[in-house]
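FYI, my numbering numbers position 121 of the sequence shown as 121, with every residue one higher than the one before it. Following: one structure in structure tokens, then a few remarks.
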Amino acid sequence: MPIGFKIHPRTRTVDAATVEKFKAIAVANISDSMSRMVHAGPRLRPMHGGGVLCGVALTVRTRPGDNLMVHAALNRAKPGDVLVIDAGGDLTNALMGELMLGHAQQIGVAGVVLNGAVRDLGWIRANTLPVFAAGVTHRGPYKDGPGEMNVPIALDGMVIAPGDLIVGDDDGVVCVPFDQVEAVYAAANAKQQGEAKTMAAIRAGTVDRSWVERALEKAGCEGL
Numbered sequence: 001m002p003i004g005f006k007i008h009p010r011t012r013t014v015d016a017a018t019v020e021k022f023k024a025i026a027v028a029n030i031s032d033s034m035s036r037m038v039h040a041g042p043r044l045r046p047m048h049g050g051g052v053l054c055g056v057a058l059t060v061r062t063r064p065g066d067n068l069m070v071h072a073a074l075n076r077a078k079p080g081d082v083l084v085i086d087a088g089g090d091l092t093n094a095l096m097g098e099l100m101l102g103h104a105q106q107i108g109v110a111g112v113v114l115n116g117a118v119r120d121l122g123w124i125r126a127n128t129l130p131v132f133a134a135g136v137t138h139r140g141p142y143k144d145g146p147g148e149m150n151v152p153i154a155l156d157g158m159v160i161a162p163g164d165l166i167v168g169d170d171d172g173v174v175c176v177p178f179d180q181v182e183a184v185y186a187a188a189n190a191k192q193q194g195e196a197k198t199m200a201a202i203r204a205g206t207v208d209r210s211w212v213e214r215a216l217e218k219a220g221c222e223g224l
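Shown next, in the form of structure tokens:
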């Protein structure tokens, strides 16, 4: 059996109720609640017309420029899955375009995160299927393999295991590990509620910014 060319089973997934409640939480608040240590890199930008990405990771590792294993993942994806594809960040060939993404949308895939390039940007922008990618090129892919499905991957240092929770919005993408979803949700939701109170105070003109002066004084800033 060739090494690096295998479809593995996915043995666990975040449940649908957890996915649903995370849809209301901003990626920035999730990130802050995870000590600002988890990110998928600033190159992975939303390409779609707008909308939140939230679903369960179906991971793919593929040779740069080749999308055979991405097609294999599409054949096995379940509604609510997010295809998270590590193509090495290579932008030479687009690994997904209108036809594959249209099929993904039709079968209920929650979105795509591709550390590589897409094409048919006009179609992506005109549709609500969440697509995050590192770039765009018209040049198409090869379909020879190798690749692996349902293995741990890393996008700019962010490790994603099959079945983890993936959340994305205009600020980017974050992965919440399977065994941390409840703790992260509690912290991120509390932070989001706190920010809502701060915004209300800003609008009312009653926000307290005295903490800035205290921080300056504590740090020994001169000229206060």
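The beta-carbon is built from N, C-alpha and C at its ideal position, and this holds for glycine as well.
- Residue range 53-62 is occupied by the beta strand (DSSP E) that includes ARG61.
- Every unbroken stretch of the alpha helix (DSSP H) spanning 4 or more residues and falling wholly within the stretch 180-224 is given here in chain order: 181-204, 210-218.
- In this structure, the alpha-carbon of LYS21 lies about 27 Å from that of ALA134.
- Residue pairing by DSSP puts MET96 in a beta bridge opposite VAL118.
- Fewer than three beta-carbon pairs drawn from the stretch 97-107 and the stretch 160-172 are found closer than 8 Å, and the two stretches are therefore not classed as touching.
- With fewer than 16 other CB atoms across the displayed protein chains lying within 10 angstroms of its CB, PHE5 is exposed.
- Judged by their CB atoms, SER33 and ALA188 are nearer to each other than the 8 Å cut-off.
- If one requires a minimum length of 4 residues, the alpha helix (DSSP H) runs lying completely within the stretch 9-80 are 16-22, 27-33, 68-76, in chain order.
- In the DSSP assignment, ASP169 falls within the beta strand (DSSP E) that extends over 165-169.
- Per DSSP, the continuous beta strand (DSSP E) segment holding GLY135 begins and ends at 131-136.
- With respect to the 8 Å criterion, ALA26 and ASP164 are not classified as neighbours on the basis of their beta carbons.
- Taking 8 Å as the cut-off, the beta carbon of LEU155 is found closer than this to the beta carbon of ASP86.
- Shown here for LEU53: same chain residues with a beta carbon closer than 6 Å to its own, the five before and five after excluded, namely GLY111, PRO130, GLY168 in chain order.
- According to the DSSP assignment, ALA154 belongs to the beta strand (DSSP E) that extends over 153-155.
- In this structure, the straight-line span from the alpha carbon of VAL184 to that of ARG209 is close to 27 Å.
- Contact between ARG119 and THR92 is ruled out by a C-beta separation of about 12 Å, above the 8 Å threshold.
- As DSSP reads the structure, LEU83 sits in a beta bridge with LEU58, VAL112.
- Under the three-state reduction of DSSP output, ILE3 falls in the coil class, being neither helix nor strand.
- Assigned with DSSP and collapsed to three states, ILE107 falls in coil, not helix or strand.
- With contacts defined as CB atoms closer than 8 Å, GLY140 and MET69 fail to qualify as a contacting pair.
- Within the same chain, and ignoring the five residues on either side of ASN115 in sequence, the residues whose Cβ sits closer than 6 Å to its Cβ are ASP86, ALA87, GLY89, ALA134, LEU155.
- Counted as a single uninterrupted DSSP element, the beta strand (DSSP E) harbouring GLY172 occupies residues 172-176.
- Within 10 angstroms of the beta-carbon of ARG63 lie 16 or more other beta-carbons, which makes it buried.
- Under DSSP, the beta-bridge partners assigned to GLY147 are PHE5, THR62.
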